[in-house]
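Q:
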Amino acid sequence: MQSSSELFPVALIGADIRGDLSEDVYRLKPGNSPDPSVELALTRLGRFDQQGGRGVPVILLPGSFSNRRFWYSPKGIGLGPYLARAGYDVWIAEMRGHGLSPRNRGYSRNRVSDYVRYDLPAIADFIHEQNPQPAHWLGHSLGGITLAGALGGRYLDEARVASALLFGSQISRIYWPLKLPPVEWGTRLLLGRFSVLSGSRLGRGPEDEPIGLALESLRWHGLFGRFGDAERDWWAGLGEVRVPLLAVAAVGDRQDPAWACRKLLEQCGSGVREFLCLGKQHGFSGDFGHVEMLVSKAAQAEVWPLVEHWLGNGSLQGSGAQSVVLEPRAGIPTEPSSG
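Residue numbers for the sequence shown follow full-length UniProt numbering, so the first one is 1 and each next one is one higher.
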């Protein structure tokens, strides 16, 4: 089969019309990581009747225990179809072993570091090849953490990033028992007996997660842990990020609290940083939860239009939302450097 890309082998494994939407599913085999068996699925959504070229690309990254259906239900409902109908060129990525992406040979050892260093750059390169406009990236939970890591680690070319939106994403919540080395070691020993964490058994979602992600999280939250890989400190690198950023938290989110989501945003060096908290006290109909912030009838009515407003204007100002605009960090230039 002829590849759909000149970068690396890419197969078009599905091309369908879903009502008023076109759906193309690609499977990428970048061959850029130590595990050459890795294949990544990308779903592209657009308006079936769209004339002329594609709109501005928007790349959606699901969170843990999730897949493309978080953004795009079989009935054509979700933020993905909503943005496609608004004229955007929507791409939904599924990480290794999730959804339509097959499990690679080293699946159980997969880490966020692999997503950050190898997979997101390959996804970005392919999408840029198909649509060479700067893309908006939107990640929920672990998807947002992965996006933050790729930006902080300088694995994404910021010239190709129009903006980044982080929903329910944080790395600053402290788990005090893990600061005790015996507890961390014992937990690592216990988890090491498994190859996956079952999303269905844990009541967290339809997908499994490789145990490598859990072990990596233990390292991040340990006594001397840091948000990064062996080569780069992603947390420190966030201070050099210049792309416009929107962080969205929810009052009812017990997993990723609002203060921690805001702290991730505050670490970034962008001159455009906005924070939005979804709750009654901030003018919304209710206190949204971790999933409900994007997948609920209330989100469809109150949150999705705000996302569209941000994508079109680079700010929530004028949308009616009570967002907080953060001042640029001291000593950080507000314009990208020429270097």
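We put the beta carbon where it would ideally sit given N, CA and C, even for glycine.
In its own chain, which residues sit with a C-beta less than 7 Å from the C-beta of Gln-133, not counting the 5 before and 5 after it?
A: Taken in chain order, the residues that qualify are Val-56 and Pro-57.
Q: Would you mind sorting Glu-129 into buried or exposed? The rule is 16 or more other CB atoms within 10 Å of its CB.
A: Exposed is the call here.
Q: Would you say Gly-186 and Leu-215 are within 9 Å of each other, going by their C-beta atoms?
A: In this structure, Leu-215 does not lie closer than 9 Å to Gly-186 by Cβ.
Q: Could you have a look at Cys-277 and say whether DSSP puts it in helix, strand or coil?
A: Note: Cys-277 maps to strand in three-state DSSP.
Q: What does Thr-43 pair with, by DSSP beta-bridge criteria?
A: Answer by DSSP bridge pairing, in chain order: Val-25 and Ile-92.
Q: I'd like the span of the alpha helix (DSSP H) that includes Ser-217, first residue to last.
A: Per DSSP, Ser-217 belongs to the alpha helix (DSSP H) from 211–221.
Q: By a C-beta neighbour count over all protein chains shown, 10 Å radius and 16 as the cutoff for buried, is Gly-339 buried or exposed?
A: Summary for Gly-339: the model assigns pLDDT 27, below 50, so the residue's position carries little reliability; its value from the coordinates is reported in the next sentence. So Gly-339 counts as exposed.
Q: Between the beta-carbon of Pro-244 and the beta-carbon of Ala-162, is there less than 9 Å?
A: Result yes, Cβ atoms of Pro-244 and Ala-162 sit closer than 9 Å.
Q: Which of the three DSSP states is assigned to Ile-174 in this structure?
A: Coil, per DSSP.
Q: Would you grab the beta carbon distance between Ala-247 and Leu-265 for me? Rounded to a whole angstrom, and I think it's under 8 Å.
A: The Cβ separation is near 4 Å, so the contact holds.
Q: Three-state secondary structure (DSSP) at Ile-145?
A: Looking at Ile-145 - three-state DSSP - the assignment turns out to be helix.
Q: Quickly, what does DSSP pair Pro-57 with across the bridge? List them, please.
A: In DSSP, Pro-57 forms a bridge with Asp-89.
Q: Could you tell me which residues DSSP puts in a beta bridge with residue 340?
A: With the chain running from 1 to 339 in the structure shown, residue 340 is simply not present.
Q: Pick helix, strand or coil for Arg-18, following the three-state DSSP scheme.
A: Arg-18 falls in the strand class under three-state DSSP.
Q: Residues in the same chain with beta-carbon distance under 7 Å from Gly-237, minus the five sequence neighbours each way, listed in chain order, please.
A: Closer than 7 Å at Cβ, skipping near neighbours: Gly-152, Gly-153 and Arg-154.
Q: Should Ala-150 be labelled buried (16 or more other beta-carbon atoms within 10 Å of its own) or exposed?
A: Label assigned to Ala-150: buried.
Q: If you measure between the beta carbons of Arg-96 and Gly-80, is that distance less than 9 Å?
A: No, they are not a contact pair.
Q: Does the beta-carbon of Pro-81, which I'm using as the reference point, lie nearer than 8 Å to any heavy atom of the ligand HEM?
A: Annotation note on the ligand HEM: not contained in the displayed structure, which lists no ligands.
Q: Whole angstroms are fine: how far does the CA of Asn-104 sit from the CA of Val-196?
A: If I take the Cα positions, the gap works out to 13 Å.
Q: Report the three-state DSSP secondary structure of Ile-13 (helix, strand or coil).
A: DSSP places Ile-13 in strand when its eight states are reduced to three.
Q: Ends of the beta strand (DSSP E) at Val-243?
A: Element bounds for Val-243: n/a, residue is neither H nor E.
Q: Just how far apart, CA to CA, sit Gly-239 and Ser-270?
A: Distance between the alpha carbons of Gly-239 and Ser-270: 8 Å.
Q: What distance in whole Å lies between the Cβ atoms of Thr-43 and Ile-92, which are believed to be in contact at a cut-off of 8 Å?
A: The Cβ separation is near 4 Å, so the contact holds.
Q: Starting from Val-324, follow the beta strand (DSSP E) in both directions and report where the run begins and ends.
A: Run containing Val-324: 324–326, per the beta strand (DSSP E) assignment.
Q: Would you mind reading off the limits of the alpha helix (DSSP H) that contains Glu-266?
A: Run containing Glu-266: 258–267, per the alpha helix (DSSP H) assignment.
Q: From this set, Leu-278, Asp-89 and Arg-204, which residue's C-alpha is nearest Gly-53's C-alpha?
A: Comparing Cα positions, the closest option is Asp-89.
Q: For the alpha helix (DSSP H) containing Val-307, name the first residue and the last one.
A: That run of the alpha helix (DSSP H) goes 304–313.
Q: Considering only residues of the same chain and omitting the five flanking positions on each side of Asp-16, which have a CB-CB separation below 6 Å?
A: Contacts found: Glu-23.
Q: Measuring alpha carbon to alpha carbon, tell me which residue in Ala-84, Arg-27 and Pro-9 is nearest Val-307.
A: The shortest C-alpha separation from Val-307 is found at Ala-84.
Q: Taking Asn-110 as the reference, give the member of Pro-34, Leu-213, Asp-20 and Asn-313 with the closest Cα.
A: Answer by Cα proximity: Leu-213.
Q: When burial is assigned at 16 or more other CB atoms within 10 Å of the CB, is Val-325 buried or exposed?
A: Exposed, by the Cβ-count rule.
Q: Could you name the residues of the same chain whose beta carbon sits closer than 6 Å to that of Phe-227, not counting the 5 residues immediately before and after it, in chain order?
A: For Phe-227, where only same-chain residues beyond five positions count, the Cβ hits under 6 Å are Ile-171, Trp-220, Trp-234 and Trp-235.
Q: Excluding five sequence neighbours on each side, which residues of the same chain lie with their C-beta closer than 6 Å to the C-beta of His-290?
A: Excluding sequence neighbours, His-290 sits near Gly-168, Asp-253 and Gln-255.
Q: Buried or exposed, going by whether 16 or more other CB atoms sit within 10 Å of the CB of Asp-125?
A: Buried.
Q: On the criterion of 16 or more Cβ atoms from any shown chain inside 10 Å, does Ser-337 qualify as buried, or is it exposed?
A: Residue confidence is low: Ser-337 scores 31 on pLDDT, short of 50, so the model does not pin down where it sits. Its coordinate-derived value is still stated next. By the neighbour-count rule (16 or more Cβ atoms within 10 Å), Ser-337 is not buried but exposed.
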